[in-house]
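For reference, each letter of the sequence shown is one residue, going 42 to 336 in this note's numbering. In this text, a Cβ means the ideal position worked out from N, Cα and C, and glycines have one as well. Only one structure is covered here, and it is reproduced in the block below.
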Amino acid sequence: MTLPIYRADDDPGPSFVDLLSRVGQGPRWDVDNAPGASSDHPLRLTHSTTVVAVRCADGVVMAGDRRATSGHLISYRTMEKVFPADHHSGVAIAGAAGPAMEMVKLFQLQLEHYEKVEGSSLSLEGKANQLSQMVRSHLPAAMQGMAVVPLFAGFDLRRGVGRLFEYDVTGGRYEESDFAATGSGSLHAGTVIKLGYREGLSADEAIELLINALFQAADEDSATGGPDLVRGIYPMVATITSAGFERLADDDVSARFRGLLDRLSSTRGTTSMGANPGARATTGGKGSKKGGAAR
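Structural data, given as structure tokens:
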């Protein structure tokens, strides 16, 4: 294949996607123009949104909201995004929901198959590499708009510490020393974690930090689901320690979120009662003087 040559006035610009389209190699499947889609009812992919993980003294804590979106619509409110990969590791998904769930199932199967064939489990580094290869193999679908960007974390039995990894759509694998976040609300969640993180957090402190991070992300990002007190739907939280992968009970997560909401309500209530009356009085005084001058 020879590279195309363009005149200066016909250059496609810096966009690699535009260049592919110019040479006839653009995406062959357009989400908005797929079979069954129309201008009034475009076909929308379901996407999972925000997942986070943080290291703690005992291992790693992972969490994810429960909302799945299709464009601007909420397509599913109780989606699970945090899964055990095996006994001592877990994977959290963000991106196109269908391919992401299939990737998790295949990843779990491959780890189980290796353990049965070899008689021992794959090292945590090997598990991270295996998932990297799977994400890399998914790149053609990612170029079609079905990207999958997971988080992987686990307790390294050889080192005796928790470790976590994040990925990009090309399969690039990056180990993070403290925390990781991915998905539409990752910027907001990551900022909250960065401000609240400190070395040697206990598992309980890490859980509280992640709950606060997801709540703040949901407050800023419409695709991220916060606690739904009416339906009783709360984000998923799991710990991975030397004892293995353990998901927190919904009642425990519910109690923690209610505690967070009580603290926020109390703080904001005190602020409004303490500061606003003075502000209103000052504004009122200025308003009266201006009113008098106008008359």
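Limits of the alpha helix (DSSP H) - the one that residue i falls within
| i | result |
| --- | --- |
| Tyr117 | No alpha helix (DSSP H) holds Tyr117; the beta strand (DSSP E) holding it covers 114-117. |
| Ser173 | 165-178 |
| Ser263 | Segment: none, Ser263 is in no alpha helix (DSSP H) and carries neither H nor E. |
| Thr232 | 227-237 |
| Gly139 | 138-159 |
Contact set for residue i: own chain, Cβ-Cβ below 7 Å, skip 5 residues either direction
| i | result |
| --- | --- |
| Phe124 | Gly131, Val132, Val145 |
| Ala182 | Pro140 |
| His82 | Below a pLDDT of 50, predicted positions are generally treated as unreliable, and His82, at 45, falls in that range; the measurement from the model is reported next regardless. Hits under 7 Å: none found. |
| Ala188 | Gly136, Ala137, Val210 |
| Ala169 | Phe193, Phe206, Arg214 |
| Trp70 | Confidence is the limiting factor: at Trp70 the pLDDT is only 45, short of 50, which leaves the residue's position unreliable, though a coordinate-based value still follows. Around Trp70: Gln185. |
Spatial neighbours of residue i in its chain, beta-carbon cut-off 6 Å, leaving aside the 5 residues before and after
| i | result |
| --- | --- |
| Tyr117 | Ala109 |
| Ala264 | Thr90, Thr110, Ser225 |
| Lys157 | none |
| Gly195 | His129, Ser130, Leu165, Ile281 |
Beta-bridge partners of residue i, as assigned by DSSP
| i | result |
| --- | --- |
| Glu207 | Leu192, Tyr215 |
| Val102 | Val95, Thr280 |
Endpoints, beta strand (DSSP E) assigned at residue i
| i | result |
| --- | --- |
| Thr282 | 277-282 |
| Arg199 | Looking at the DSSP string, Arg199 is not in any beta strand (DSSP E), and its letter there is neither H nor E. |
| Val123 | 123-127 |
| Ser375 | No answer is possible for residue 375: it lies beyond the span of the chain, which begins at 42 and ends at 336. |
| Ser243 | First-last for Ser243: undefined, no H or E at that position. |
Proximal residues to residue i (C-beta, below 8 Å), its chain only, five neighbours per side dropped
| i | result |
| --- | --- |
| Val271 | none |
| Tyr238 | Val95, Asp219, Phe220, Leu250 |
| Ala244 | Cys97, Ala98, Asp99, Gly100, Val102, Thr280, Thr282 |
Short Cβ contact (9 Å threshold) for residue i with residue j
| i | j | result |
| --- | --- | --- |
| Asp260 | Gly266 | no |
| Arg100 | Glu121 | Note on residue identity: the sequence assigns Gly, not Arg, to residue 100. Not closer than 9 Å, so no. |
| Cys97 | Leu242 | yes |
| Leu172 | Ala135 | no |
| Val95 | Leu250 | yes |
| Gly212 | Gln185 | no |
| Asp25 | Ser162 | For the chain, the structure presents residues 42 to 336; residue 25 sits outside this window and is missing. |
| His229 | Asp262 | yes |
Would you call the region 191-208 and the region 228-239 touching, i.e. three or more CB-CB distances under 8 Å?
no
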